[in-house]
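> First the structure, which I've put down as structure tokens, then a few questions once you've had a look.
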Amino acid sequence: MAKALGCNPGWLAFGEESLVSLRKQMEDDEFFPLPYLDHPLVVHSQREKHHNCEKRARTIRWSRDFLSAFCDNGDPKENLFLYCMDGDCMEPQLRNGNMLIAQRAEGGDFTRDGIYILGSGGAIIVRRLQRQGDRVGILSDNKRYNDYEVSLSDIVGPDDDMNNESKFVLFGRVVFVGHAI
């Protein structure tokens with residue numbers, strides 16, 4: 000009868016699922032891959048550089064409990080994403096090739112100072128943002144790079160108008176950094 004119904008005999012006889020089925024469900028609910036930042040700017044400007052990092056990142060299954068420690072709002076599976084650091088502008092804090100976990104930004108609004116992943120001038124950048132009234136400091140930890148300041152209105156969300164090159168697209172705040180030793 001179980002074969003005809005296409006179900007597990009244990010479920011049919013006792014209302015129990017198989018251990019394999021339960022383990023698979025637990026893995027899907029408790030351990031899951033995070034999406035890599037998927038945006039036309041990444042595809043356009045850095046896809047080739049990030050292919051290996053992205054490929055590696057997609058094979059990692061993250062624990063919901065671990066990720067919940069870094070996620071301020073909602074489900075970490077829905078609100079976190081991966082990105083690989085490109086360049087030395089944030090050294091010594093972040094190094095080229097570091098795997099970053101970021102929490103998605105709500106529109107162009109950021110609630111606190113921190114390190115953010117932004118789109119700027121057709122490229123993805125990682126910078127420290129520091130709000131100063133209606134201005135935002137866009138800072139590099141590496142002092143070989145210039146810091147600059149923009150109006151708060153120049154920071155927009157990923158769903159806003161991407162055609163204005165003077166705007167900075169706020170993708171998310173970096174909440175975790177992973178790297179090899």
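All residue numbers for the sequence shown refer to numbering that gives the first Met the number 0, where the first residue is 0 and numbers rise by one. Glycine included, every Cβ here is placed at the ideal spot set by N, Cα and C.
(1) Measure the alpha-carbon distance for Pro-34 versus Phe-109 and round it to whole angstroms.
(2) DSSP three-state call for Arg-126: helix, strand or coil?
(3) Using 9 Å as the threshold, is the C-beta distance between Leu-151 and Arg-134 below it?
(4) To test your reading of the DSSP string, which unbroken beta strand (DSSP E) runs of 3 or more residues are found completely within the stretch 130-159?
(5) Taking buried to mean at least 16 other C-beta atoms within 10 Å of its own C-beta, is Ser-139 buried or exposed?
(6) Check each candidate in Ala-122, Asn-145 and Lys-76 and name the one with the smallest Cα separation from Leu-66.
(7) So, Val-149 versus Ile-137, is the Cβ gap smaller than 9 Å?
(8) Please go through the same chain and pick out, in chain order, the residues whose beta-carbon is closer than 8 Å to the beta-carbon of Gln-131, but skip the five residues on each side of it.
(9) Can you give, in chain order, each stretch of the beta strand (DSSP E) that sits fully within the stretch 72-119 and has at least 3 residues?
(10) Among Leu-99, Phe-30 and Ala-104, whose alpha-carbon lies nearest the alpha-carbon of Arg-60?
(11) Around the Cβ of Arg-103, are there at least 16 other Cβ atoms within 10 angstroms (buried) or fewer (exposed)?
(12) Does the separation of the CB atoms of Val-174 and Leu-93 fall below 9 Å?
(13) Quick check: the Cα distance between Glu-90 and Gly-118, rounded to an integer number of angstroms?
The relevant details are as follows:
(1) When the Cα atoms are used, Pro-34 and Phe-109 turn out to be separated by approximately 21 Å.
(2) Looking at Arg-126 - three-state DSSP - the assignment turns out to be strand.
(3) Their beta carbons are under 9 Å apart, which means Leu-151 touches Arg-134 by this criterion.
(4) If we require 3 residues or more, the beta strand (DSSP E) runs fully inside the stretch 130-159 come out as 134-138 and 147-150.
(5) Buried.
(6) When each option's Cα is compared against that of Leu-66, the closest is Lys-76.
(7) Yes.
(8) Only Glu-148 meet the Cβ criterion.
(9) List check, beta strand (DSSP E) in window: 79-83, 98-103 and 113-119.
(10) Considering only Leu-99, Phe-30 and Ala-104, the residue with the shortest C-alpha distance to Arg-60 is Phe-30.
(11) So Arg-103 counts as buried.
(12) Contact flag unset, no.
(13) Approximately 19 Å between the Cα atoms of the pair.
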